[in-house]
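Single-structure report; data block below.
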Amino acid sequence: MASPTGTTDAPFGRMLTAMVTPFTADGEVDYVAVRRLATYLVDEQHNDGLIVNGTTGESPTTSDEEKQRIVSAVLEVVGDRATVVAGAGTNDTRHSVELAKQAARAGAHGLLVVTPYYNKPPQEGLYRHFSAVADATDLPVMLYDIPGRSGVPIKTETLIRLAQHERIVAVKDAKGDLFAGGQVMSATDLAFYSGDDLLNLAWLSLGAAGFVSVVGHVVGAELARMIRLHKNGDVAQALAIHSQVSPVVDGIMLRAGGAIMAKAALSMVGVPVGPVRLPLVDATEKQIAELRACLVAGGVKLTDA
């Protein structure tokens, strides 16, 4: 299925949020809340794309059946007006291939494939892993480079080599090496997406296509406006938005981890999504108080008591 918001230079859209997975109080996936959250992110937070079943969506703790139902639920409510990208990355190539095929059958518009974690494969292993997943379907692929969690970076030469694959079209960068990213952009047609909210504006300055954000759960509209302003040459106003939302980035990304704090933040803005699953644990009272102060400082309108 063709992406409804993709362009040549931004194949998955520009403003994407790595969506949390709502759970009920007893730990089951809350599919009603999945639909509600996806609608809120697109209609109110101005996302033109969503990543589902990524690590912010606690994908290591959701079953393959749950992943398929989540993709279908999100497509049902926003698939006609937002690009829906399904996480298909694991540290098992065969499993990743099956998840990619499952996502394609469900109707996803694209795939996000993270570097295999824990295994610490050599670069040739990364090349073969990503190529195998990209070969498995006709969907465009966004690579996810996050060595802080996976243990291994995708090196510049490997990214340049992978860019030759017709379906590997983008990179979500959470490596934080702006110089290396610039080299890859200069040498290939890969679209880069900031995968680190701390560096969103910096990536735009290098020509990034857009963001795959966590703070987009509550300031997506502001980030979408930042992208538009910067693309239109109004760097000063883009910088002003960057400064405005910086406390929100601090509160969500630098305290207890993205999924934990994003879920806490959503509760504060009137979009409850339930708890996290073990081994994650919910935010403490102290962390919630700190988060609340950060959201207020960033201009986020809170609706909870």
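If you read the sequence shown in our numbering, its first letter stands for residue 1197, the second for the next number, and so on. Glycine residues also receive a C-beta, built at the ideal position from the N, C-alpha and C atoms.
### Task
Pick out the complete beta strand (DSSP E) segments inside the stretch 1400-1432, 3 residues or longer, and give them in chain order.
Qualifying beta strand (DSSP E) stretches, in chain order: 1406-1409.
### Task
Determine the extent of the beta strand (DSSP E) in which PHE1388 is found, giving its start and end residues.
Indexing the sequence shown from 1 puts residue 1388 at position 192. Its beta strand (DSSP E) spans residues 1387-1390.
### Per-residue DSSP class, three states only, for GLY1306
In the sequence shown, counting from the first residue as 1, residue 1306 sits at position 110. Judged by DSSP in its simplified three-state form, GLY1306 adopts strand.
### Task
Express the C-alpha separation of ASP1369 and PRO1336 in angstroms, rounding to a whole number.
Along the sequence shown, read from residue 1 onward, the residue named residue 1336 stands at position 140. Along the sequence shown, read from residue 1 onward, the residue named residue 1369 stands at position 173. In a straight line, the C-alpha of PRO1336 is about 17 angstroms away from that of ASP1369.
#### Entry: Nearest to LEU1394 (by Cα), restricted to the options ILE1266, ASP1446 and ASN1315
As a working note, residue 1394 is residue 198 in the sequence shown. Taking only the C-alpha atoms, the option nearest LEU1394 is ASP1446.
### Query
Around the Cβ of ALA1418, are there at least 16 other Cβ atoms within 10 angstroms (buried) or fewer (exposed)?
Looking up residue 1418 in the sequence shown gives position 222. Here residue 1418 is Glu; the residue named in the question, Ala, does not match the sequence. That one is buried.
### Query
Below 8 angstroms between beta carbons: does that hold for ALA1455 and GLU1262?
Residue 1455 sits at position 259 when you count from the first residue of the sequence shown. Residue 1262 sits at position 66 when you count from the first residue of the sequence shown. Their beta carbons are not under 8 angstroms apart, which means ALA1455 does not touch GLU1262 by this criterion.
### Query
Is the Cβ-Cβ distance between GLY1245 and PHE1208 less than 8 angstroms?
Counting from one through the sequence shown, the residue named residue 1245 turns up at place 49. Counting from one through the sequence shown, the residue named residue 1208 turns up at place 12. Yes, Cβ-Cβ distance for GLY1245 and PHE1208 is below 8 angstroms.
### Query
Expressed to the nearest angstrom, what Euclidean distance is found between the alpha-carbon atoms of TYR1389 and ARG1424?
In the sequence shown, the residue the question calls residue 1389 occupies position 193. In the sequence shown, the residue the question calls residue 1424 occupies position 228. C-alpha separation (whole angstroms): 15 angstroms.
### Environment of PHE1326 [buried if 16+ CB atoms lie within 10 Å]
Here the question's residue 1326 lines up with position 130 in the sequence shown. Residue burial annotation: PHE1326 is buried, with at least 16 other C-beta atoms found within 10 angstroms of its C-beta.
### Query
Comparing the C-beta of GLU1486 with each C-beta of chain B, is any distance below 8 angstroms?
Of the protein chains in this structure there is only one, and it is not chain B.
### Span of the beta strand (DSSP E), counted from its first residue to its last, around THR1279
Within the sequence shown, residue 1279 is the residue found at index 83, counting from 1. Looking at the DSSP string, the run of the beta strand (DSSP E) that includes THR1279 is 1279-1283.
### Query
Are the beta-carbon atoms of LEU1491 and VAL1444 separated by less than 8 angstroms?
By one-based count along the sequence shown, residue 1491 stands at place 295. By one-based count along the sequence shown, residue 1444 stands at place 248. In this structure, VAL1444 lies closer than 8 angstroms to LEU1491 by Cβ.
### Task
Return the first residue and the last residue of the beta strand (DSSP E) that ASP1239 is part of.
Translated into the one-based positions of the sequence shown, residue 1239 becomes position 43. Where ASP1239 is concerned, there is no enclosing beta strand (DSSP E), although the alpha helix (DSSP H) it sits in stretches over 1227-1239.
### Query
From ALA1479, HIS1413 and ALA1485, pick the residue whose C-alpha is nearest to that of ASN1243; which is it?
Against the sequence shown, residue 1243 aligns to sequence position 47. Of all alpha-carbon atoms in ALA1479, HIS1413 and ALA1485, the one lying nearest the alpha-carbon of ASN1243 is that of HIS1413.
### Alpha-carbon to alpha-carbon, LEU1476 and LEU1487
Taking the first residue of the sequence shown as position 1, residue 1487 is located at position 291. Taking the first residue of the sequence shown as position 1, residue 1476 is located at position 280. Roughly 17 angstroms separates the two Cα atoms.
#### Entry: Residue nearest to ASP1430 in terms of C-alpha spacing, selected from GLY1470, LEU1397, GLY1494 and LEU1450
Residue numbering aside, residue 1430 sits at position 234 when the sequence shown is read from its first letter. Here the closest residue by C-alpha is LEU1397.
### Query
Helix, strand or coil: how does DSSP classify PHE1208 here?
Locating residue 1208 in the sequence shown gives position 12, counting from the first residue. The DSSP-derived three-state label of PHE1208 is coil.
### Query
When DSSP labels each residue in this structure, what does ALA1214 get in the three-state scheme?
What you label residue 1214 is simply residue 18 of the sequence shown in a count that begins at 1. Assignment of ALA1214 by DSSP, reduced to helix, strand and coil, places it in the strand class.
### Message
If the criterion is Cβ atoms closer than 8 angstroms, does the pair ALA1269 and ARG1301 meet it?
### Response
On the sequence shown, residue 1269 is found 73 positions in, with the first residue counted as 1. On the sequence shown, residue 1301 is found 105 positions in, with the first residue counted as 1. Here ALA1269 is not near ARG1301, since their CB atoms are 8 angstroms or more apart.
### Query
Does DSSP classify VAL1469 as helix, strand or coil?
On the sequence shown, residue 1469 is found 273 positions in, with the first residue counted as 1. In the three-state reduction of the DSSP assignment, VAL1469 falls in the coil class.
### CB-CB length for ILE1356 against ALA1383, believed under 8 angstroms
On the sequence shown, position 160 is the one that residue 1356 refers to. On the sequence shown, position 187 is the one that residue 1383 refers to. With a contact defined as Cβ atoms closer than 8 angstroms, ILE1356 and ALA1383 qualify at about 5 angstroms.
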